[in-house]
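Numbering (UniProt numbering), first residue to last: 1 to 390.
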């Protein structure tokens with residue numbers, strides 16, 4: 001199978017954008033991705049398009065892929081929508097990589113889009129809930145925050161961790177997000193702010209929860225046969241892993257790990273021929289701050305129960321040995337469900353091509369993105385590599 005490369009990536013700001021539609025947001029992200037290609041690219045070169053979206057609000061549930069791509073000028077390009085809850089566009093990128101590696105496409109576009117801020121909080125809560133197990137969780141009143149609160153409670157009970165550690169994740173990610181002009185909540189917060197915030201679902205408070213956002217993100221994937229037409233500084237998709245698990249939290253063996261993340265990471269590391277110690281940074285799925293702690297352990301950054309120590313030691317800070325969520329993560333950058341996974345790819349692409357501005361790390365070689373659907377019913381992990389200039 002051929003190698004696949006990222007040649008461009010772009011996104012809209014994440015936030016509340018009442019003047020935009022899902023079509024216009026996706027169009028903006030496509031334009032930015034195309035503009036980021038070093039040697040330029042014509043939309044006629046795109047062989048395939050995959051669009052991730054949950055369809056929050058019920059807008060254009062049918063044919064939402066073609067509806068978005070046609071508006072962006074991709075006339076006649078085969079287009080499909082992928083729905084995998086919050087992991088929708090992470091899986092869209094995976095499908096684009098598969099199309100390129102298999103030879104079905106030389107250039108594939110993968111992205112995602114969501115509009116979430118134009119409805120009441122009750123309606124938003126409903127649409128967030130559709131990714132939970134319906135019969136025994138959603139219809140019995142369990143909310144998305146309630147599910148992750150159960151996971152947080154179990155973790156705090158099982159390990160030497162406190163609610164302050166949950167708040168430390170928020171402080172770190174807001175500090176990173178304050179450097180990201182496209183972040184929804186692009187401001188710093190103090191530890192006192194993050195500890196004393198109103199409770200949402202005990203033990204999770206407001207600062208432990210990501211916002212619901214509008215936004216779109218797009219990545220362009222090219223084969224090894226054509227990559228030199230588009231860039232002299234290729235970013236190779238070194239490894240991809242994905243896995244599914246039981247949708248309902250109550251159906252799983254553990255509340256303090258997400259096995260789909262662990263399985264996806266193991267596959268990605270194996271295919272890339274690297275391990276956690278080789279990574280220079282990671283963008284992980286921190287829909288709630290407890291999710292970032294679980295990710296440290298599921299992705300092999302530390303042993304079980306040791307995630308709080310990574311925070312205390314500053315390991316995952318922007319100047320630490322393993323920076324996590326330099327974009328601000330879902331917590332600060334925002335979480336437009338269908339665009340989140342592709343948005344992580346955008347940040348990784350920027351880091352690996354030296355275009356992350358104030359967030360830029362010195363010469364990173366390997367980056368990881370980790371995108372989770374629901375409370376862990378699906379997960380996808382990409383490992384990206386900056387190759388030597390050609």
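Cβ coordinates follow ideal geometry from the N, Cα and C atoms, glycine included.
- The segment 167-186 makes no contact with the segment 57-66; the number of CB pairs closer than 8 Å stays below 3.
- Within the same chain, and ignoring the five residues on either side of residue 103 in sequence, the residues whose Cβ sits closer than 7 Å to its Cβ are 2.
- The segment 182-244 contains, as complete alpha helix (DSSP H) runs of 4+ residues, the segments 191-196 (chain order).
- For the pair residue 216 and residue 22, the CB atoms are nearer than the 9 Å cut-off.
- With a threshold of 16 other beta carbon atoms within 10 Å, residue 351 meets it and is buried.
- Around residue 72, the same chain offers 26, 27 and 30 as residues with beta carbons nearer than 7 Å, after the five sequence neighbours per side are excluded.
- Taken atom to atom, the span from the alpha-carbon of residue 149 to that of residue 87 is near 20 Å.
- Distances from the CA of residue 75 to each of 213, 100, 49 and 315 were compared; the closest alpha carbon is that of 49.
- The straight-line gap separating the alpha-carbon atoms of residue 218 and residue 168 is approximately 30 Å.
- For residue 44, the closest alpha carbon among the candidates 108, 271 and 199 is that of 108.
- Residues of the same chain with a CB within less than 6 Å of the CB of residue 12, apart from the 5 flanking positions on each side, are 25, 28, 29, 215 and 216 in chain order.
- Residue 4 sits in a strand when the DSSP states are folded into three classes.
- Residues 276, 310 and 322 of the same chain have their beta carbon placed closer than 7 Å to that of residue 301, with the five preceding and five following residues left out of the count.
- For the options 381, 212, 376 and 94, the alpha carbon positioned closest to that of residue 250 is the one of 376.
- By the CB criterion at 9 Å, residue 52 and residue 243 fall outside the cutoff.
- For residue 369, the secondary structure class from DSSP, reduced to helix, strand or coil, is strand.
- The shortest CA-to-CA distance from residue 387 to any of 353, 283 and 360 is the one to 353.
- The C-alpha of residue 246 is placed about 14 Å away from the C-alpha of residue 147.
- Annotated as distal: residue 174 and residue 295, with beta-carbon spacing of 9 Å or more.
- Nearest to residue 162 by C-alpha distance, out of 205, 142 and 125, is 205.
- With respect to residue 6, residue 220 sits close: the two C-beta atoms are nearer than 9 Å.
- Per DSSP, reduced to three states, the secondary structure at residue 94 is helical.
- Counting only residues of its own chain and dropping the five nearest sequence neighbours on each side, residue 207 has a CB closer than 7 Å to the CB of 167, 170, 189, 193, 194 and 197.
- In its chain, beyond the 5 residues on either side, 324 and 368 have a beta carbon closer than 6 Å to the beta carbon of residue 282.
- Here residue 382 is not near residue 14, since their CB atoms are 9 Å or more apart.
- Within the UniProt domain "Thiolase C-terminal" (241-386), the alpha helix (DSSP H) runs of at least 4 residues that lie entirely inside it are, in chain order, 259-272, 289-298, 307-313, 329-333 and 340-352.
- Under DSSP, residue 11 forms a beta bridge with 217.
- In this chain, residue 163 is not harboured by any beta strand (DSSP E); it is covered by the alpha helix (DSSP H) spanning 163-177.
- Residue 58 sits in a helix when the DSSP states are folded into three classes.
- Looking from the CA of residue 79, the closest CA among 56, 101 and 105 belongs to 105.
- Annotated as distal: residue 307 and residue 372, with beta-carbon spacing of 9 Å or more.
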